[in-house]
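Mapping of the sequence shown onto this note's numbering: residues 111 to 709, in sequence order. A short worksheet on the structure shown next.
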Amino acid sequence: MTLDAPALSPNKYRDTWNGQVIDRLGKEVKLSGWVHRRRDHGGLIFIDLRDRSGIVQLVFHPEESGNTMEIAHKLRSEFVVSVTGKVTKRDAETVNAELPTGEVEIHVDAVEVLAESQTPPFAIEGFQSEVGEEVRLRHRYLDLRREQMQTAIKLRHKLTSAMRRFLDGEGFLEIETPILTNSTPEGARDFLVPSRLQRNSFYALPQSPQLFKQLLMVSGFERYFQIARCFRDEDLRADRQPDFTQLDIEMSFVDSEDVLALNERLIQNLLNEMGIEVQVPFSRMGYDEAIGRFGSDKPDLRYGFEIKDLTEVLRGTGFKAFGGVIEGGGAVRGINFGRRELSRAQLDGLIDDAKELGAKGLVWAFREGDGWRAPIAKFLSAEELSGLNETLGAEEGDLMLVAADAPAKVATILGGLRTRLADRWELIPEDAGTNLCWIVDWPMFEWNEDEDRWDALHHPFTAPKGGFDPENPGEATAQAYDLVWNGVELGGGSIRIHDPKLQSQVFKALGITDEEASERFGFLLEALTFGAPPHGGIAYGVDRFAALLAGVDSIRDVIAFPKTASGGDPLTGAPSEVSEIQLRDVGIQLRKPPKPASA
Ligand code: ASP
């Protein structure tokens with residue numbers, strides 16, 4: 111990483127950065143920063159002074175004039191100080207090779223304490239990873255002082271500024287859209303904000319800028335982007351934030367190919383700036399193929415272990431557990447995980463894994479000769495066993511895992527096992543690099559069993575591919591695309607409907623009545639009647655993108671002030687109860703009375 115030391119005008123606090131003192135060897139410098147570490151060595155006091163650019167060692171000598179030594183004795187971790195002193199070469203044996211400034215030290219001749227610090231609740235230097243997240247977040251301003259956090263937040267800045275630079279260079283305009291608005295359906299619950307001026311009315315925070323960016327295309331801006339805050343009130347899922355950031359893009363007079371081409375250049379450029387080389391065009395895979403081969407709409411293509419369909423091999427089998435499922439329209443599928451030796455307990459553990467993924471059970475088997483070593487081997491004929499071995503490409507000793515259920519469920523179970531076991535058994539080749547793949551040809555709709563209606567798989571503004579038959583919504587394919595990076599969904603988008611009649615038909619197919627459509631989306635339908643250009647776009651999850659680049663597991667590690675998994679902020683205490691007066695102002699009465707206002 112290059113030195114983080116932007117141009118600095120000398121002032122009363124400092125005339126250079128810690129990280130740059132080498133340029134001033136033999137001269138006096140003035141520095142400011144935090145006491146990172148303090149060591150007392152028989153009369154000499156050593157302080158590691160930290161600023162944004164790095165760390166430099168200060169040396170306090172007892173023979174220094176004035177009260178410098180006296181102050182040095184009182185310095186503690188995280189005190190803020192300003193010092194003047196001479197940049198001096200260290201003796202060869204005291205050079206610290208781990209520190210970029212490790213060849214020099216500052217012989218201090220004056221020091222001023224700018225601020226004292228309480229003892230921090232956790233060490234900034236030599237941070238222990240077992241410090242709980244609650245404590246870290248409660249004192250996030252201290253947590254952010256740690257080198258890992260400084261690096262992550264700087265990397266995020268580098269990413270977003272590269273996004274802006276590239277898109278600006280391509281003629282995209284950065285346009286802000288409202289935060290207090292009406293619902294934008296992206297499949298989550300809205301966060302609501304009561305209006306004081308219009309009693310009984312609520313704003314919704316945007317789940318995305320989707321409708322506004324489409325309106326901006328109707329307005330003729332043609333190329334828009336925004337690094338946009340989005341809000342989705344979803345149930346707790348690992349590593350989600352109720353407010354998160356998207357790179358949101360929209361373009362006019364384009365088809366899918368144009369959008370994909372622009373985005374491949376964007377991603378290639380961004381990764382290049384981060385030191386990762388990728389080739390364009392990226393690979394593409396149809397949704398059905400992704401589900402069939404990998405059991406996921408975001409397949410990790412860095413490794414094989416593909417799902418094979420065994421339904422035909424087993425049709426008519428005497429083994430009820432499989433035969434019954436097949437007769438009922440279900441599927442039997444399996445994965446060959448290669449030669450593997452597992453204990454009985456480990457094999458039973460796999461069944462538990464499958465159950466966690468929604469399976470009723472899981473069959474494990476090892477190829478042995480022409481047949482199987484497996485509890486169920488005796489229920490299958492020699493012909494079935496050899497067919498299974500062949501379809502799964504099993505060789506002697508290979509472990510096969512097989513599940514039987516409704517086709518979509520089998521895909522989820524085996525797809526889930528594939529990713530879990532890839533992790534557990536380290537199946538991802540170390541040199542696999544970065545795999546980028548577009549998932550295309552998504553179904554427009556999926557059937558919502560619970561509510562007995564169709565749901566949009568992407569969102570209701572996505573255009574169908576080819577014609578649209580309102581009688582058969584389940585048949586429609588969407589002009590939608592997701593970009594998947596090593597099994598993680600980085601972004602997704604679509605070509606939009608720009609014909610108001612087609613938009614109305616799609617609303618209808620989703621069970622939205624004309625009345626409801628005009629109430630919720632009347633403004634969009636009307637805008638589409640005033641000459642809407644063909645348009646389409648995409649949005650990327652900036653938090654996820656930054657986390658992948660930083661190599662951290664959690665998006666919380668690339669967000670300056672994130673929420674905990676339960677949506678709270680231990681630092682500010684949000685969400686919190688509000689006063690009776692605030693509630694009265696917005697005309698809200700709680701079912702459970704609020705706490706009485708404190709005096
Ligand atoms: N608005 C979409 C989303 O938030 C992205 C898009 O279609 O451009 O996922």
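Ideal Cβ positions, reconstructed from N, Cα and C, are used throughout, including at glycine.
In the DSSP assignment, what residue or residues form a beta bridge with W548?
Mapped onto the sequence shown, residue 548 falls at position 438. According to DSSP, which records beta bridges pairwise, W548 is partnered with R394 and L593.
At a cut-off of 7 Å, would you count Q589 as near the ligand ASP, judging by its Cβ distance to the nearest heavy atom?
To locate residue 589, count along the sequence shown from 1; it is residue 479. It does not: the Cβ of Q589 is nowhere closer than 7 Å to a heavy atom of the ligand ASP.
Do the segment 521–537 and the segment 403–423 make contact, defined as three or more Cβ pairs closer than 8 Å?
yes
Under 8 Å between the Cβ atoms of L659 and M384?
The count along the sequence shown starts at 1 and reaches residue 659 at position 549. The count along the sequence shown starts at 1 and reaches residue 384 at position 274. For L659 and M384, yes; Cβs fall inside 8 Å.
Roughly how many angstroms lie between the CA atoms of P485 and G440, to the nearest whole one?
Start at 1 with the first residue of the sequence shown, and residue 485 comes out as number 375. Start at 1 with the first residue of the sequence shown, and residue 440 comes out as number 330. Their Cα atoms are separated by approximately 22 Å.
Taking DSSP's pairing of strands, which residues face W535 in a bridge?
Position 425 of the sequence shown, counting from 1, holds the residue named residue 535. Partner(s): none; W535 has no beta bridge.
Using the C-alpha atoms, what's the distance from R606 back to R309?
Looking up residue 309 in the sequence shown gives position 199. Looking up residue 606 in the sequence shown gives position 496. C-alpha separation (whole angstroms): 35 Å.
Can you tell me whether I523 is buried or exposed, with buried defined as 16 or more other CB within 10 angstroms of its CB?
For this step, residue 523 is matched to residue 413 along the sequence shown. Result: buried.
In the DSSP assignment, the beta strand (DSSP E) including M327 goes from what residue to what residue?
Translated into positions along the sequence shown, residue 327 becomes position 217. Run containing M327: none in the beta strand (DSSP E); it sits in the alpha helix (DSSP H), Q320 to V328.
Determine whether the beta carbon atoms of Q336 and T287 lie at a separation below 8 Å.
If you number the sequence shown from 1, residue 336 lands on position 226. If you number the sequence shown from 1, residue 287 lands on position 177. Their beta carbons are under 8 Å apart, which means Q336 touches T287 by this criterion.
Go to H183, then tell me how far its alpha helix (DSSP H) extends in each direction, as first and last residue.
For the purposes of this step, residue 183 is taken as residue 73 along the sequence shown, with counting starting at 1. Element bounds for H183: T178 to K184.
My guess is that V169 and V218 are in contact by the Cβ rule of under 8 Å, so how many angstroms apart are they, rounded?
In the sequence shown, residue 169 corresponds to position 59, counting from 1. In the sequence shown, residue 218 corresponds to position 108, counting from 1. About 7 Å separates the two Cβ atoms, so the contact holds.
Can you tell me whether Y334 is buried or exposed? The criterion is at least 16 other CB atoms within 10 Å of its CB, across all chains shown.
On the sequence shown, position 224 is the one that residue 334 refers to. So Y334 counts as buried.
On the criterion of 16 or more Cβ atoms from any shown chain inside 10 Å, does V223 qualify as buried, or is it exposed?
Mapped onto the sequence shown, residue 223 falls at position 113. Exposed.
Closer than 8 Å is the cut-off here; do at least three beta carbon pairs connect the segment 380–400 with the segment 687–695?
Result no; under three Cβ-Cβ pairs closer than 8 Å.
At 4 residues or longer, what runs of the alpha helix (DSSP H) sit wholly inside the segment 671–698?
Those alpha helix (DSSP H) runs which fall completely within the segment 671–698 and span 4+ residues are 690–695.
Below 8 Å, how does it come out for the segment 669–685 and the segment 362–375: are there three or more Cβ pairs, yes or no?
no
Got a sec, what are the start and stop residues for the alpha helix (DSSP H) F633 sits in?
Within the sequence shown, numbered from 1, the residue matching residue 633 stands at position 523. F633 -> alpha helix (DSSP H) spans D624 to L638.
With DSSP run on the structure shown, which of helix, strand or coil describes F489?
Locating residue 489 in the sequence shown gives position 379, counting from the first residue. Helix at F489.
Can you round the beta-carbon distance between D407 and D592 to whole angstroms, since I take them to be within the 8 Å contact cut?
Numbered from 1 along the sequence shown, position 297 holds the residue referred to as residue 407. Numbered from 1 along the sequence shown, position 482 holds the residue referred to as residue 592. So it is a contact: roughly 7 Å between Cβ atoms.
In whole angstroms, what is the alpha-carbon distance linking D565 and P295?
Translated into positions along the sequence shown, residue 565 becomes position 455. Translated into positions along the sequence shown, residue 295 becomes position 185. Each residue's alpha carbon lies about 11 Å from the other.
What three-state label does DSSP hand G459 in the structure shown?
By 1-based counting over the sequence shown, the position of residue 459 is 349. Helix.
By Cβ distance, which residues of its chain are closer than 6 Å to D609, with the 5 residues on each side in sequence left out?
The sequence position of residue 609 within the sequence shown is 499, counting from 1. Once the five neighbours on either side are set aside, D609 has no close Cβ partner at all.
Please tell me whether, using a cut-off of 7 Å, the distance from the CB of G647 to the nearest non-hydrogen atom of the ligand ASP is below it.
The count along the sequence shown starts at 1 and reaches residue 647 at position 537. True, at least one ligand heavy atom lies under 7 Å from that Cβ.
Reducing DSSP to helix, strand and coil, say where F341 ends up.
Along the sequence shown, one-based indexing puts residue 341 at 231. The answer is strand: DSSP assigns F341 an E or B state.
Please work out which residues of its chain come closer than 7 Å, Cβ to Cβ, to R350, disregarding the five sequence neighbours upstream and downstream, and give them in chain order.
On the sequence shown, position 240 is the one that residue 350 refers to. Cβ neighbours of R350 beyond the five flanking positions: E344.
Go ahead and pull the three-state DSSP assignment for P230.
As a first step, residue 230 is located in the sequence shown; it is residue number 120 there, counting from the start. Here P230 sits in coil by DSSP.
Given a threshold of 16 other Cβ atoms within 10 Å of its Cβ, counted over all protein chains shown, does L277 qualify as buried or as exposed?
Counted from its first residue, the sequence shown places residue 277 at position 167. When all chains shown are included, L277 counts as buried.
Tell me whether S318, by its Cβ, gets closer than 7 Å to a heavy atom of the ligand ASP.
Residue mapping note: residue 318 aligns to position 208 of the sequence shown, counting from 1. Correct: S318 has its Cβ closer than 7 Å to the ligand ASP.
Reducing DSSP to helix, strand and coil, say where V662 ends up.
The residue labelled residue 662 in the question sits at position 552 within the sequence shown. V662 falls in the coil class under three-state DSSP.
Does DSSP put E208 in a helix, a strand or coil?
Counting from one through the sequence shown, the residue named residue 208 turns up at place 98. It is coil, neither helix nor strand.
Per DSSP, what kind of secondary structure is R738 in: helix, strand or coil?
The displayed coordinates of the chain run from 111 to 709. Any statement about residue 738 would go beyond what the structure contains.
Give the single residue among T427, G153, C340 and G651 whose Cα lies nearest to the Cα of E173.
Here residue 173 is taken as the residue at index 63 of the sequence shown, counted from 1. Cα-wise, what sits closest to E173 is G153.
Any idea which residues DSSP pairs F331 with across the strands?
Reading the sequence shown from its first residue, position 221 is the one you call residue 331. Paired residue(s): none; F331 is not in a bridge.
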